[in-house]
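Numbering (the working numbering), first residue to last: 1354 to 1656.
For every residue, glycine included, the Cβ atom is placed at its ideal position computed from N, Cα and C.
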């Protein structure tokens, strides 16, 4: 499986790939400024209630109770080793409504006051901490990966790879902004997962480029990059498809908590594979060609 069956001119169509990504990111940025994000309860604040049900239960019954009290935004999750606890997060509601919902749930499942583990209002300050923590994590991760790839490969490859990673983050954020998908804690976890996982294909391609540079000494950087991408394309497709199949099963067959985590992974890993081939690799060629022209101009000036 060497990829010689493919002869895709990736580098020759660099403007097309950059235009596609640029348009998507631009649309996302416009959506961010016009509509903003659809922040979930974790960011906007709200009410948290946690009960020990003590037996199997159907979350649809709890959803019905919340709907009866016209609670518009909520998250319900089974927790505990036996799945007999429930955590309920809702948009901000009055104390009167919260007490009424608690009584309804206690009545539904024959619970006592001791079965109510938690009931509190949460302010939006927690969401601000999560956002700042996410930004800090991305900045630190970018610097660490830039250093690691610089040591493993060289500065040009590390710079191209990290720009590709940031491209993936921007695409994922843009999709959420355009389609008004709820941004919550699972999204943050998935975003950081995508940031690290999408580097995998890029490393595979750059490894092949490094090997080919040794045997294709007379070829230009574009030719080396094209050959390397085509040699690794089958492997990249197989790896990504394997992951995507599992994520699709999680999204369509799993509970809501898994869906919230699987969706950003689906988007991010798909675009991560795209960026490794069509963004990071052409970027490396552009950086190397610019470096080559700069050296040539310096040499000509000295001559």
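1) Out of curiosity, what's the CA-to-CA distance linking residue 1421 and residue 1611?
2) Since residue 1403 sits in a beta bridge, which residues does DSSP pair it with?
3) Give the DSSP-derived three-state secondary structure of residue 1524 in the structure shown.
4) Going by the CB atoms, is the gap between residue 1426 and residue 1537 shorter than 7 Å?
5) What separation, rounded to the nearest whole angstrom, lies between the Cα atoms of residue 1340 and residue 1522?
6) Indicate whether residue 1534 and residue 1487 have their beta-carbon atoms separated by less than 7 Å.
7) If you count every other CB in all the chains shown that lies within 10 Å of the CB of residue 1623, and 16 or more means buried, which is it?
8) List, from N- to C-terminal side, the alpha helix (DSSP H) runs of 4 residues or more that fit wholly inside the segment 1590-1630.
9) If I measure Cβ to Cβ from residue 1613 and keep anything under 6 Å in the same chain, skipping five residues before and after, which residues do I get?
10) At the level of alpha carbons, what is the spacing between residue 1437 and residue 1403?
11) Run through the DSSP bridge pairs and tell me what residue 1408 is partnered with.
12) Does the beta-carbon distance from residue 1418 to residue 1482 come in below 7 Å?
13) Nearest by alpha-carbon distance to residue 1388: which of 1440, 1532, 1506, 1376 is it?
14) Which of helix, strand or coil does DSSP assign to residue 1515?
15) Go ahead and label residue 1633 buried or exposed: buried means 16 or more other beta carbons lie within 10 angstroms of its beta carbon, across all protein chains shown.
16) I want to check one thing, is the minimum distance from the CB of residue 1494 to the heavy atoms of the ligand MN below 6 Å?
17) Under a Cβ-count criterion, where at least 16 other Cβ atoms within 10 Å of its own Cβ denotes burial, should residue 1443 be classed as buried or exposed?
18) Touching or not, the segment 1500-1516 and the segment 1637-1649, by the rule of three or more beta carbon pairs under 8 Å?
19) In whole angstroms, give me the CA-to-CA distance for residue 1500 and residue 1493.
20) Please identify the residue among 1463, 1475, 1629, 1520 whose C-alpha is closest to the C-alpha of residue 1405.
21) Could you give the distance in angstroms between the alpha-carbon of residue 1382 and the alpha-carbon of residue 1373?
22) For residue 1554 versus residue 1626, is the C-beta distance shorter than 7 Å?
23) Using a Cβ-Cβ cut-off of 8 Å (strictly less than) and excluding sequence neighbours within five positions of residue 1551, which residues of its own chain qualify?
So, from the data block:
1) 26 Å
2) 1440, 1471
3) helix
4) No, the Cβ-Cβ distance between residue 1537 and residue 1426 is not below 7 Å.
5) What the structure shows of the chain is the stretch from 1354 to 1656, and residue 1340 is not part of that stretch, so it cannot be assessed.
6) At a Cβ-Cβ threshold of 7 Å, residue 1534 and residue 1487 do not count as neighbours.
7) buried
8) 1609-1628
9) 1539
10) 11 Å
11) Answer is none; residue 1408 lacks a bridge partner.
12) no
13) 1532
14) helix
15) That one is buried.
16) Only the bare structure without any ligand can be found here, which leaves the ligand MN out of the picture.
17) buried
18) Touching, yes, given that three or more Cβ pairs across the two stretches are closer than 8 Å.
19) 11 Å
20) 1463
21) 14 Å
22) yes
23) Excluding the 5 residues flanking it on each side, residue 1551 has same chain C-beta neighbours closer than 8 Å at 1517, 1518, 1521, 1621, 1622, 1624, 1625, 1626, 1628, 1629, in chain order.
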